[in-house]
Every structure is written in C-alpha cells, then in structure tokens.
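Residue numbers (the numbering used here): 310 to 549.
Ideal Cβ placement from N, Cα and C applies to all residues, glycine included.
Before any comments, here is the structure.
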C-alpha cells in the first residue's frame, strides 16, 4: 500500500512539474533557443537526407548498372529509390528528437536562467559553462543516443510485434538517457546542495520521449524535460 501511495505521489509530482514547465512556454526567452534549435535541426536533417540518398543511390546504381531492368525510369529503380527515401525519412523522424535536443543544449543555459529568474530568484546559479563545453555535451547526447538506440534496435523491432512492449522499451531506454543527461546538465548550474538524492529521472525523460513522437510538440519536448527536472530537484531539496 505504501509503495502504491509513493508511486502515485511521484507521478502526481512529475505531472505538476511538467505543468509548471508548460505554463512557462509563453516566456519569450524560451522561444529563441527553440527556434534556433529547430532551424539547425531541420537543416542538418535535410543535409543528411540529401547526402544519404545520393550516396545510397550512387551505390545501387553502381551495383545494378549491368542489369537492364534497373535502367532509368524502370519500376524497379523507382521502387528502390522510394524505399531509400522512406527509410531516411523514418530515420530522421526517430533521431529528430536527439538532434533537436543536442542543438537546444547549446542554448540550455538561457533556458535555465529563465526558470531560475521566474521561479527560484533566491538561489544563486553556478557560472554557465563555456560554449565549447556546451557543444561537447550536446555531441555526447547525440552520440550516446545513437549508439544505445542502434544496439537496442533489434529489441525495439522485436517488441513491436508484442504491443505495447516495443514502444515501452523505446520510451524506457530514451527516458533513461534524457533524464540522466539533463540531470548532469542541471548539476553544472544548480547549487550542489540541491542534489541530495541520486534519482535518474527516467520517468521525466520517458514522458518527454513520448512527447517527441508528436509533431510540433516535439520541438518543445527537450525544454519541458529540462525545466520539469529543474523543478523536481528544487522540490526534492525543499522536502528534505
């Protein structure tokens, strides 16, 4: 009974912290990072898709150039090109969240400052890391996310045949990654005495990972993860 009560309390607290983060979306200081991150993410994905489809097209053209059935305008060639385009679109969709979160990470200090000024003006933040440090942290998030998701991909695919196991695995793995990475990011800015518990914030990351699957909403998902964990850390310190 106590475990169930604690679980309900934790879930209610998480929803409340997300609600606080959502209510601050009207803050103009948050829009600039989101807009820049979105622009860079779309340009990056467009570049990757162009290079990927061009390279794959050249590869298949080289291999099948000796077959008359693969000549220009043939149905086999059209089908192959269509499959490649669909593959890279799906790849971009699944990795958009990580790429967008990485670019948003470059501006994350502006977001943290906005939350602190609005909700916790009494605390003194640690100095923001230098730009190259923020870029390295963002790159680490993308690389780590790509490696873990590629390793776990067979389990994801297998899980999709047993719904809702597939999506649960995907949200759980990415939720752990996002929760951990944003906790590390906040630990560089918040006073160290606020980190009294070794909580991974997987639930916060999983909810954010679910939001990343919703078009347009996914633009704000990394911001909501970061801000809600910010509130959770501050409330944990207060309750202790």
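Other residues of its chain near residue i: CB distance less than 8 Å, five sequence neighbours each side excluded
{"i": "residue 323", "result": "512, 513, 516, 537 and 541"}
{"i": "residue 509", "result": "485, 488, 489 and 492"}
{"i": "residue 319", "result": "512"}
Own chain, CB closer than 6 Å to residue i, minus 5 neighbours either side, in chain order
{"i": "residue 365", "result": "393"}
{"i": "residue 333", "result": "none"}
{"i": "residue 407", "result": "451 and 454"}
{"i": "residue 483", "result": "518"}
{"i": "residue 409", "result": "346 and 350"}
{"i": "residue 360", "result": "none"}
Proximity winner among the options, relative to residue i (alpha-carbon distances)
{"i": "residue 432", "options": "458, 346 and 500", "result": "500"}
{"i": "residue 438", "options": "418, 345 and 484", "result": "418"}
{"i": "residue 330", "options": "399, 522, 414 and 420", "result": "420"}
{"i": "residue 491", "options": "405, 446 and 367", "result": "446"}
{"i": "residue 412", "options": "395, 349, 435 and 474", "result": "349"}
{"i": "residue 339", "options": "543, 544 and 531", "result": "531"}
{"i": "residue 353", "options": "387, 405, 368 and 472", "result": "405"}
{"i": "residue 527", "options": "325, 337, 351 and 317", "result": "351"}
{"i": "residue 277", "options": "498, 448 and 342", "result": "Past the boundaries of the shown model lies residue 277; the chain is included only from 310 to 549, so the question cannot be answered."}
{"i": "residue 435", "options": "458, 503 and 441", "result": "503"}
{"i": "residue 344", "options": "465, 525 and 494", "result": "525"}
Beta-carbon separation (whole angstroms), residue i vs residue j, contact threshold 8 Å
{"i": "residue 283", "j": "residue 423", "result": "Given a span of 310 to 549 for the chain in the structure shown, any question on residue 283 remains unanswerable."}
{"i": "residue 362", "j": "residue 397", "result": "6 Å"}
{"i": "residue 443", "j": "residue 476", "result": "Wrong, their Cβ atoms sit about 31 Å apart, outside the cutoff."}
Terminal residues of the alpha helix (DSSP H) in which residue i lies
{"i": "residue 488", "result": "474-496"}
{"i": "residue 508", "result": "That residue, residue 508, is in no alpha helix (DSSP H); it is neither H nor E in DSSP."}
{"i": "residue 457", "result": "440-468"}
{"i": "residue 425", "result": "417-428"}
Contacting residues, own chain, Cβ-Cβ under 7 Å from residue i (five flanking each side not counted)
{"i": "residue 534", "result": "487, 491, 513, 514 and 517"}
{"i": "residue 469", "result": "475"}
{"i": "residue 395", "result": "none"}
{"i": "residue 425", "result": "432 and 434"}
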